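Engineer:
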Ligand SMILES: [Mn+2]
């Protein structure tokens, strides 16, 4: 190597090194990266466990799906898909809520800053190909002084692997240019329920009025169709999220004692999930002692749970974008009484029978119908309803004892992909909840008094495979024996 080349190489090495160091020193990004958070992310990952390649393949699939779903192929060849990020929300003047990225936007980019936007459009040179364009908040030292670093155009390009990145302010110009350049096109945008109100009002409404778009479609179904089937990387994150919440549940059980406050169990759950690297609880947890378990969405969590009472906790965490959603019911004193145990075992029998049905032969709606039937038989067995009751009447009564569905799809959102009907057969890669319950409020005058004021729900998170269902929340104590064992101190 000649001496000039050697010095060139050396300078370039030193430069690269110093840029890397600068990245670290300046905390250059608006989210964790392999460079700034090596304890969290590996090289090549945009978010934990998910690579640039996977994000790119999601965008490609979405674009292909849009074309496949488009009926007027003969009239229009060009497509543009617009997917905004979430914006920051404030609880009061200057005080933000914890920011949570829009799930569709996150699914397609991995980019975690607010006020961003993804565009996918047909390539001007090749109508079979497509371009990704990302808009991100521009670097702004004054704003960053208060809110922390932004990735900016350069940072976002490096982070996501999307080549074409602009400041969000350039969205309007881009839309104008696009109209001039592309002729007629189909526009895909969630215009019914805009994700980002400001982009919607300032730019996208005008774009919608633009005469050149001939067809307006929504992106919601397309994204959900992809999101409902989890990739291998997503299955690993879902497992981890369920594991974290399951182990945290066991710790909350161990921690319970007569006269514990519901708020303490709530705090303990939050603490144990965060101690296992979850970012936050996936939803306000239900921590309901005694009769309060009969309020399905009880979240006040401000009462005392007395010895001899059951507590129903419905809680889960969000682990790097993926949620868990588990329910357990246990005696706060650590020991079931006879009535509690018999009702608990009835729900457990129903729940395990429903889990066994989590195969590609059934839909969630079919499992729900089976659940009502099974609950009815258990109610008869317990003497809660007449053994002679006819089936039609029994199913109606079952719906009174369990007013909710057997489960829902689970993923980046807790009630994930809610546009996907529960009537379709389960498919490998889906994750669902199975959560039957029996609720007997104090006001119920038709049953024996020892059951009054009990509400029991048992909920697990289940991965659908080609063969047997996999219970991702299996580490969470469930049988009376297991529960009583973990609670022995
Ligand atoms: Mn649930």
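Residue numbers (this note's numbering): 65 to 553. Just so it is clear, CB atoms sit at the ideal spot from N, CA and C, and this is done for glycine as well. Keep in mind it's a predicted model, so treat the numbers as computed, not measured.
With DSSP collapsed to three states, give me the class of residue 183.
Structural biologist: Strand, per DSSP.
Engineer: Please report the residue range of the beta strand (DSSP E) in which residue 524 lies.
Structural biologist: Unbroken beta strand (DSSP E) run through residue 524: 524 to 527.
Engineer: Considering only residues of the same chain and omitting the five flanking positions on each side of residue 228, which have a CB-CB separation below 6 Å?
Structural biologist: Counting only Cβ-Cβ distances below 6 Å, and skipping sequence neighbours, we find 197.
Engineer: Helix, strand or coil for residue 347? Go by DSSP, reduced to three states.
Structural biologist: Looking at residue 347 - three-state DSSP - the assignment turns out to be coil, as it is neither helix nor strand.
Engineer: Give the single residue among 523, 421, 435 whose Cα lies nearest to the Cα of residue 489.
Structural biologist: Ranking 523, 421, 435 by Cα distance to residue 489 puts 421 first.
Engineer: Would you mind reading off the limits of the beta strand (DSSP E) that contains residue 393?
Structural biologist: Residues 390 to 395.
Engineer: Just the Cα atoms here: how many angstroms apart are residue 119 and residue 471?
Structural biologist: The alpha-carbon atoms of residue 119 and residue 471 are separated by roughly 28 Å.
Engineer: Which full runs of the beta strand (DSSP E) of 3+ residues lie inside the region 367 to 448, going along the chain?
Structural biologist: Here the runs fully enclosed are 374 to 379, 381 to 383, 390 to 395.
Engineer: Given 8 Å as the limit, is there contact between the region 248 to 260 and the region 150 to 168, that is, 3 or more CB pairs closer than that?
Structural biologist: Judged by Cβ distances under 8 Å, the region 248 to 260 makes contact with the region 150 to 168, as three or more pairs qualify.
Engineer: At the level of alpha carbons, what is the spacing between residue 256 and residue 377?
Structural biologist: Their backbone Cα atoms lie some 35 Å apart in a straight line.
Engineer: Which residue comes first and which comes last in the beta strand (DSSP E) that contains residue 229?
Structural biologist: Note, residue 229: beta strand (DSSP E), 228 to 231.
Engineer: If you reduce the DSSP assignment to three classes, tell me which class residue 285 lands in.
Structural biologist: DSSP places residue 285 in helix when its eight states are reduced to three.
Engineer: Regarding residue 429 and ligand 1, is the C-beta to nearest heavy atom distance less than 7 Å?
Structural biologist: For ligand 1, not one heavy atom lies less than 7 Å from the Cβ of residue 429.
Engineer: Taking the alpha carbon of residue 423 as the point to measure from, which residue in 396, 546, 491, 411 has its own alpha carbon closest?
Structural biologist: Closest option to residue 423, Cα to Cα, is 491.
Engineer: I'd like to confirm the pairing. Which residues does DSSP put opposite residue 148 in its beta bridges?
Structural biologist: Residue 148 is bridged to 181.
Engineer: Along the chain, where does the beta strand (DSSP E) containing residue 252 start, and where does it finish?
Structural biologist: Start and end: 249 to 253.
Engineer: Only counting the same chain, and skipping five residues up and downstream in sequence, which positions put a Cβ closer than 6 Å to that of residue 310?
Structural biologist: Closer than 6 Å at Cβ, skipping near neighbours: 537, 539, 540.
Engineer: Could you say which of 499, 457, 144, 448 lies nearest to residue 473 if we only look at CA atoms?
Structural biologist: When each option's Cα is compared against that of residue 473, the closest is 499.
Engineer: Below 7 Å, is the gap between the Cβ of residue 109 and the nearest heavy atom of ligand 1?
Structural biologist: The answer is no for residue 109.
Engineer: Do residue 326 and residue 264 come within 8 Å of each other at the CB atom, strictly closer than that value?
Structural biologist: For residue 264 and residue 326, no; Cβs fall outside 8 Å.
Engineer: What would DSSP say about residue 196, mapped onto helix, strand or coil?
Structural biologist: In this structure, residue 196 counts as strand in the three-state DSSP scheme.
Engineer: Any chance the CB of residue 382 is under 7 Å from a heavy atom of ligand 1?
Structural biologist: Every heavy atom of ligand 1 is 7 Å or more from the Cβ of residue 382, so no.
Engineer: Under 7 Å from any heavy atom of ligand 1, does the C-beta of residue 426 make it?
Structural biologist: Incorrect: residue 426 has no Cβ contact closer than 7 Å to ligand 1.
Engineer: Could you round the C-beta distance between residue 184 and residue 145 to whole angstroms and report it? I think they count as a contact, below 8 Å.
Structural biologist: So it is a contact: roughly 4 Å between Cβ atoms.
Engineer: Under 8 Å: do the region 433 to 451 and the region 348 to 360 share three or more Cβ pairs, one atom per stretch?
Structural biologist: Judged by Cβ distances under 8 Å, the region 433 to 451 makes no contact with the region 348 to 360, as fewer than three pairs qualify.
Engineer: Out of curiosity, what's the CA-to-CA distance linking residue 459 and residue 116?
Structural biologist: C-alpha separation (whole angstroms): 49 Å.
Engineer: Tell me the rounded alpha-carbon separation between residue 127 and residue 486.
Structural biologist: Their Cα atoms are separated by approximately 25 Å.
Engineer: What do you get for residue 513, buried or exposed, if any count of 16 or more other CB atoms within 10 angstroms of its CB means buried?
Structural biologist: Exposed: under 16 other Cβ atoms inside 10 Å.
Engineer: Verify whether the separation of the beta carbon atoms of residue 369 and residue 350 is less than 8 Å.
Structural biologist: Their beta carbons are not under 8 Å apart, which means residue 369 does not touch residue 350 by this criterion.
Engineer: Beta carbon of residue 502, beta carbon of residue 411: below 8 Å?
Structural biologist: Their beta carbons are under 8 Å apart, which means residue 502 touches residue 411 by this criterion.
Engineer: In whole angstroms, what is the alpha-carbon distance linking residue 143 and residue 122?
Structural biologist: Distance between the alpha carbons of residue 143 and residue 122 is about 17 Å.
Engineer: Which value, in whole angstroms, describes the spacing of the CA atoms of residue 254 and residue 296?
Structural biologist: Distance between the alpha carbons of residue 254 and residue 296: 28 Å.
Engineer: Quick one: is residue 531 buried, meaning 16 or more other Cβ sit within 10 Å of its Cβ, or exposed?
Structural biologist: So residue 531 ends up on the exposed side.
Engineer: Any heavy atom of ligand 1 within a distance shorter than 7 Å of the CB on residue 393?
Structural biologist: No - ligand 1 has no heavy atom lying nearer than 7 Å to the Cβ of residue 393.
Engineer: Tell me whether residue 282 counts as near ligand 1, meaning its Cβ is closer than 7 Å to at least one heavy atom of that ligand.
Structural biologist: No, the Cβ of residue 282 stays beyond 7 Å of every heavy atom of ligand 1.
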